[in-house]
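So the structure is just underneath, and the comments pick up after that.
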Amino acid sequence: MKNSDSDSSTAAMKRWQGDPFDIENTVAYDTWRSWKLANTAVDQIIEIDDPENLNPVTITKIYAACETHNMALFRAADNQLADRAAFRRFMSALGFRNLRGHLLADDDDISTITPVDPSDRKTMKGEYIPYTGRALSWHTDGYYHKADNPIRSMTLYCAQQASSGGESAFIDPDIIYIRLRDQNPDFVRALMRPDAMTVPANTLGGSEIRPARTGPVFMTDPASGYLSMRYTARTVSIEWPDDAQMLSARTALEALLSDKHGDPMILRRRLSAGEGIICNNVLHKRGEFSDPTRVLYRGRFSNRVGD
């Protein structure tokens, strides 16, 4: 595993000759930007023959991919991680800690992402799009959390593929930051404002489950010095400041994430059984599907991959 959070932050500053996310520090930004854009192979898959006994070479490959692209695509032989206990041990072996449960997670704090019967009123899952076959728009996980308590990493594992549809797409938030800053640094300034995006309170049956949350879209994680992103492309009830700077930034961001743009750094894949993603909570979305047997497992964590 890497050094402590403070050590990681200091090392990052030295590596880039300062803070690359400081708009005024063009030297650090240009150094970091050149490194990020030199590494374009986002679709390389890491084969894992024995996920119950990870070897140092495999762990190093996963960490390196997440350092470079903030994500690693992997395939477990014979779909061995379909056993959720094995999936949990796999995550532990990679150094993940503080598995973050939530309202709809299972008793072991792992989420089973599969369509539920909407007529079953015993569960609230049918009220939420991830637990249906509907398309999911671009988002980072936990965008409704407090900005100082983010989901820093997550794992997705396909235990059973849909018969058709359900393609996923992933993109490193660092790349979105670069695209926006290169267009106009004011876009980044706007999206780093503490009042940038407000997620409405979550209410169910007249009771408030979670209060409204306001925070930036882009922020520098004080624990590590790395960039993190808090975003959802959903439009229902999301509130944005009503000013020209923010409108321009939002429009530019939405254009980047539109299918018309087709950024080459977007990883698009219809995950097969045995395949998964390990990531530092990158932007992702999902296409529509109709097969109720599709099953993905998801783990969310407080630490970055390898920290």
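Heads up, the sequence shown is in the numbering used here, so the first residue is 55 and it goes up one at a time. C-beta atoms are modelled at their ideal positions from N, C-alpha and C, and glycine is treated no differently.
field: Sub-8 Å separation of C120 and G353 beta-carbons
entry: Here residue 120 refers to the residue found at position 66 when the sequence shown is read from its first residue. Here residue 353 refers to the residue found at position 299 when the sequence shown is read from its first residue. No Cβ-Cβ contact shorter than 8 Å links C120 with G353.
field: Distance between I99 and F128 (C-alpha atoms, nearest Å)
entry: Start at 1 with the first residue of the sequence shown, and residue 128 comes out as number 74. Start at 1 with the first residue of the sequence shown, and residue 99 comes out as number 45. Approximately 5 Å, taken between the alpha carbons.
Closest residue to P254 among R348, E262 and S165 (Cα-Cα distance): Translated into the one-based positions of the sequence shown, residue 254 becomes position 200. Closest in C-alpha terms to P254, from the list R348, E262 and S165, comes E262.
field: Reduced DSSP category for M246 - H, G, I as helix; E, B as strand; rest coil
entry: On the sequence shown, residue 246 is found 192 positions in, with the first residue counted as 1. Coil, per DSSP.
Local Cβ density within 10 Å of N152, reported as buried at 16 or more and exposed below that: Position 98 of the sequence shown holds residue 152. Residue burial is scored here from C-beta neighbours: N152 has fewer than 16 other C-beta atoms within 10 angstroms and is therefore classed as exposed.
- request: Return the chain-ordered list of same chain residues with a C-beta closer than 7 Å to the C-beta of Q71, the five sequence neighbours on each side being excluded.
  value: Looking up residue 71 in the sequence shown gives position 17. Excluding positions up to five away in sequence, the list reads V81, A82 and T85.
field: Endpoints, alpha helix (DSSP H) assigned at Q89
entry: Walking along the sequence shown from the start, residue 89 turns up at place 35. Here the sequence assigns Trp to residue 89, which means Gln is not the residue at that position. Where W89 is concerned, the enclosing alpha helix (DSSP H) stretches over T80 to L91.
message: Quick check: the Cα distance between N357 and L148, rounded to an integer number of angstroms?
response: For the purposes of this step, residue 357 is taken as the residue at position 303 of the sequence shown. For the purposes of this step, residue 148 is taken as the residue at position 94 of the sequence shown. For N357 and L148, the gap between their C-alpha atoms comes out near 11 Å.
query: Is L350 closer than 8 Å to A223 when the C-beta atoms are compared?
result: Here the question's residue 223 lines up with position 169 in the sequence shown. Here the question's residue 350 lines up with position 296 in the sequence shown. Not closer than 8 Å, so no.
- prompt: Between R233 and T112, what straight-line distance do the alpha-carbon atoms span, to the nearest angstrom?
  reply: Sequence index remark: in the sequence shown, residue 233 carries index 179 (1-based). Sequence index remark: in the sequence shown, residue 112 carries index 58 (1-based). Their Cα atoms are separated by approximately 31 Å.
query: Contact between the stretch 90 to 105 and the stretch 128 to 139: three or more CB pairs below 8 Å?
result: Yes, they touch.
query: Taking the C-alpha atoms as reference points, what is the distance between T257 and P265?
result: Within the sequence shown, residue 257 is the residue found at index 203, counting from 1. Within the sequence shown, residue 265 is the residue found at index 211, counting from 1. When rounded, the distance between both Cα atoms is 9 Å.
field: Assigned secondary structure, A223 (DSSP; H/G/I helix, E/B strand, else coil)
entry: Walking along the sequence shown from the start, residue 223 turns up at place 169. Per DSSP, reduced to three states, the secondary structure at A223 is strand.
message: In whole angstroms, give me the CA-to-CA distance for S28 and T114.
response: Here the chain has residues from 55 to 361 only, and residue 28 is not among them.
task: Please work out which residues of its chain come closer than 8 Å, Cβ to Cβ, to P248, disregarding the five sequence neighbours upstream and downstream, and give them in chain order.
output: Locating residue 248 in the sequence shown gives position 194, where the first residue counts as 1. Annotation for P248: A201, T268, G269 and P270 place their beta carbon closer than 8 Å to its own, counting only its chain and skipping 5 residues before and after.
- prompt: Hey, how far is the Cα of M67 from the Cα of N79?
  reply: Residue 67 sits at position 13 when you count from the first residue of the sequence shown. Residue 79 sits at position 25 when you count from the first residue of the sequence shown. Going by the C-alpha atoms only, they are around 11 Å apart.
message: Could you check whether the stretch 270 to 287 touches the stretch 202 to 212, counting it as contact only if at least three pairs of C-beta atoms, one from each stretch, sit closer than 8 Å?
response: With the cut-off at 8 Å, the stretch 270 to 287 and the stretch 202 to 212 touch.
message: With the cut-off set at 8 Å, would you say V336 and N124 are in Cβ contact?
response: To locate residue 336, count along the sequence shown from 1; it is residue 282. To locate residue 124, count along the sequence shown from 1; it is residue 70. Yes; because the gap between Cβ atoms is below 8 Å, this pair is in contact.
- request: Measure the alpha-carbon distance for A95 versus F150 and round it to whole angstroms.
  value: Residue mapping note: residue 95 aligns to position 41 of the sequence shown, counting from 1. Residue mapping note: residue 150 aligns to position 96 of the sequence shown, counting from 1. Near 25 Å, if we compare the C-alpha coordinates of F150 and A95.
message: In chain order, what are the residue ranges of uninterrupted alpha helix (DSSP H) at least 4 long that sit wholly in the stretch 258 to 345?
response: Correct list: 298 to 310.
field: Residue interval of the alpha helix (DSSP H) (run including A119)
entry: Taking the sequence shown and counting its residues from 1, the one referred to as residue 119 is at position 65. Per DSSP, A119 belongs to the alpha helix (DSSP H) from P110 to H123.
- prompt: Given L325, which residues of its chain have a CB within under 7 Å of its CB, disregarding the five upstream and five downstream residues?
  reply: Along the sequence shown, one-based indexing puts residue 325 at 271. Around L325, the same chain offers C212, Q215 and S222 as residues with beta carbons nearer than 7 Å, after the five sequence neighbours per side are excluded.
- request: Consult DSSP for S146 and reduce its assignment to one of helix, strand or coil.
  value: Residue 146 sits at position 92 when you count from the first residue of the sequence shown. DSSP places S146 in helix when its eight states are reduced to three.
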